[in-house]
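Asker:
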Ligand code: FES
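In the numbering used here, the protein residues as written are 232 to 516.
1) Measure how close the beta-carbons of residue 260 and residue 353 come, nearest whole angstrom, since I'm counting them as under 8 angstroms.
2) Using 10 angstroms around the beta-carbon of residue 496, count the other beta-carbons present and answer buried if the total reaches 16, otherwise exposed.
3) Considering just the uninterrupted stretch of the alpha helix (DSSP H) at residue 369, what are its terminal residues?
4) For a test of the three-state rule: what should DSSP assign to residue 480, helix, strand or coil?
5) Tell me the DSSP bridge mates of residue 467?
6) Keeping to the same chain, check which residues put their C-beta closer than 6 angstroms to that of residue 412; ignore five residues upstream and five downstream.
7) Less than 7 angstroms between the CB of residue 492 and some heavy atom of the ligand FES, yes or no?
8) Does the ligand FES have even one heavy atom less than 7 angstroms from the beta-carbon of residue 456?
9) May I have the straight-line CA-CA distance separating residue 474 from residue 457, to the nearest angstrom?
10) Is any non-hydrogen atom of the ligand FES found closer than 7 angstroms to the C-beta of residue 518, if you look at the structure I gave you?
11) I'd like the list of long-range same chain contacts for residue 419, defined as Cβ closer than 8 angstroms, with 5 residues on each side in sequence excluded.
12) Near residue 469, what residues of its chain come up, given a Cβ to Cβ distance below 7 angstroms and the 5 sequence neighbours on each side ignored?
13) Run through the DSSP bridge pairs and tell me what residue 437 is partnered with.
14) Could you tell me which residues DSSP pairs with residue 450 in its beta bridges?
15) I'd like the list of long-range same chain contacts for residue 435, defined as Cβ closer than 8 angstroms, with 5 residues on each side in sequence excluded.
16) Ignoring anything shorter than 3 residues or poking outside the segment 388-422, list the beta strand (DSSP E) runs there in chain order.
17) If you draw a straight line from the alpha carbon of residue 460 to that of residue 287, how long is it in whole angstroms?
18) What is the DSSP secondary structure of residue 182, counted as helix, strand or coil?
19) In the DSSP output, what is residue 487 paired with across the bridge?
20) Within 10 angstroms of the Cβ of residue 307, are there 16 or more other Cβ atoms? Answer buried if so, exposed if not.
21) The ligand FES heavy atoms versus the CB of residue 334: any closer than 7 angstroms?
22) Pull the bridge partners of residue 508 from the DSSP assignment, please.
23) According to the Cβ coordinates, are residue 397 and residue 447 closer than 8 angstroms?
24) For the ligand FES, I want to know if residue 473 counts as a neighbour, meaning its beta carbon is within less than 7 angstroms of at least one of the ligand's heavy atoms.
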């Protein structure tokens, strides 16, 4: 096993962290879910993908540049360095809010890694803020604090990367479904009742079938948010709601109506031939 992977595995398996992670995630979840528009905004629904990674670029970029300018630019660069660190500190607030929103839906190892990710970034922010205290009196102290802050920021970034790229938090979980390219029979038409979701599997792909106001709809059944089973969801008003975190998708085109999901569900074309419902991927899916 690679050396760098060991601490990550240790964090993932450290169940003691759940004593903090579970109540904290539940408290965040309660706040954001009670405000639908805030939940959608923090999740990134208006832009079609998670908002948190965009904001982290601003925060990490500003803190990094502020530290480097301070380090190599001499005393005359201090105002520019301070301005950059101020931008980093100000942007850290929405960055943390979007991160907490996303984290509140994670469980197990992802939740534990997310907790340590947040702790590392909070420590970094504290060190950058502390660098403003008495900064004119002691340049070496200020730079030392900022370099230490950069170290914790790098640790936090590494853990965030692990969450996204290894544990698939924030990726589109419906993107890997291999949908049938040709018309494929999936269910007898008589077996699909109005408004009752039905799960079927075609060549390994999980699909959701729904008869909605007489029209047969077919979507990928794996929720794009974190992989929840949409075929176990609730169908209402032309939409299906995921049973895991409440994302709502329009049956007609798969578009997200309510987050936390940000990516639309893949939809399939449907037809009835010889009493059988047939589906095939749309040309763009
Ligand atoms: S898995 Fe989270 S809303 Fe579906």
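For every residue, glycine included, the Cβ atom is placed at its ideal position computed from N, Cα and C.
Answerer: Let me spell this out:
1) One-based indexing of the chain shown puts residue 260 at position 29. One-based indexing of the chain shown puts residue 353 at position 122. Contact flag wrong, Cβ pair sits at about 19 angstroms.
2) On the chain shown, residue 496 is found 265 positions in, with the first residue counted as 1. Buried: at least 16 other Cβ atoms inside 10 Å.
3) For the purposes of this step, residue 369 is taken as residue 138 along the chain shown, with counting starting at 1. Careful: residue 369 lies outside any alpha helix (DSSP H) and carries neither H nor E.
4) Within the chain shown, residue 480 is the residue found at index 249, counting from 1. If DSSP states are grouped into helix, strand and coil, residue 480 belongs with the strands.
5) Start at 1 with the first residue of the chain shown, and residue 467 comes out as number 236. In the DSSP output, where bridge partners are listed per residue, residue 467 has 470.
6) Translated into positions along the chain shown, residue 412 becomes position 181. Excluding residues within five positions, the ones whose Cβ falls inside 6 angstroms are 512.
7) Within the chain shown, the letter at position 261 stands for residue 492. Yes, the ligand FES has a heavy atom inside 7 angstroms of this Cβ.
8) Taking the chain shown and counting its residues from 1, the one referred to as residue 456 is at position 225. Residue 456: yes, Cβ under 7 angstroms from the ligand FES.
9) Start at 1 with the first residue of the chain shown, and residue 474 comes out as number 243. Start at 1 with the first residue of the chain shown, and residue 457 comes out as number 226. Put simply, the backbone Cα of residue 474 is about 11 angstroms away from that of residue 457.
10) The structure shown does not extend to residue 518, since the chain is modelled only from 232 to 516, so the question has no answer here.
11) In the chain shown, counting from the first residue as 1, residue 419 sits at position 188. Apart from the 5 residues on each side of it in sequence, residue 419 sits with its Cβ closer than 8 angstroms to the Cβ of 506, 507 and 508 in its chain, given in chain order.
12) The residue given as residue 469 occupies position 238 in the chain shown. Counting only Cβ-Cβ distances below 7 angstroms, and skipping sequence neighbours, we find 443, 481, 482 and 483.
13) Walking along the chain shown from the start, residue 437 turns up at place 206. Answer is 432, bridged to residue 437.
14) Residue 450 sits at position 219 when you count from the first residue of the chain shown. Answer by DSSP bridge pairing, in chain order: 439 and 498.
15) Taking the chain shown and counting its residues from 1, the one referred to as residue 435 is at position 204. Contacts found: 409.
16) Note on the segment 388-422: whole beta strand (DSSP E) runs with a minimum of 3 residues are 415-419, in chain order.
17) Residue numbering aside, residue 460 sits at position 229 when the chain shown is read from its first letter. Residue numbering aside, residue 287 sits at position 56 when the chain shown is read from its first letter. Going from the Cα of residue 460 to the Cα of residue 287 covers about 30 angstroms.
18) For the chain, the structure presents residues 232 to 516; residue 182 sits outside this window and is missing.
19) For the purposes of this step, residue 487 is taken as residue 256 along the chain shown, with counting starting at 1. Listed as beta-bridge partners of residue 487 by DSSP are 480.
20) Taking the chain shown and counting its residues from 1, the one referred to as residue 307 is at position 76. Taking all protein chains in view, the Cβ of residue 307 is surrounded by fewer than 16 other Cβ atoms within 10 Å, so the residue is classified as exposed.
21) On the chain shown, residue 334 is found 103 positions in, with the first residue counted as 1. Residue side-chain check: residue 334 keeps its Cβ at 7 angstroms or more from all non-hydrogen atoms of the ligand FES.
22) If you number the chain shown from 1, residue 508 lands on position 277. Within the DSSP bridge table, the entry for residue 508 names 418 and 503 as partners.
23) As a first step, residue 397 must be located in the chain shown, where it is residue number 166. As a first step, residue 447 must be located in the chain shown, where it is residue number 216. Not in contact: residue 397 and residue 447 (Cβ atoms no closer than 8 angstroms).
24) The residue given as residue 473 occupies position 242 in the chain shown. Yes, the beta carbon of residue 473 sits closer than 7 angstroms to at least one heavy atom of the ligand FES.
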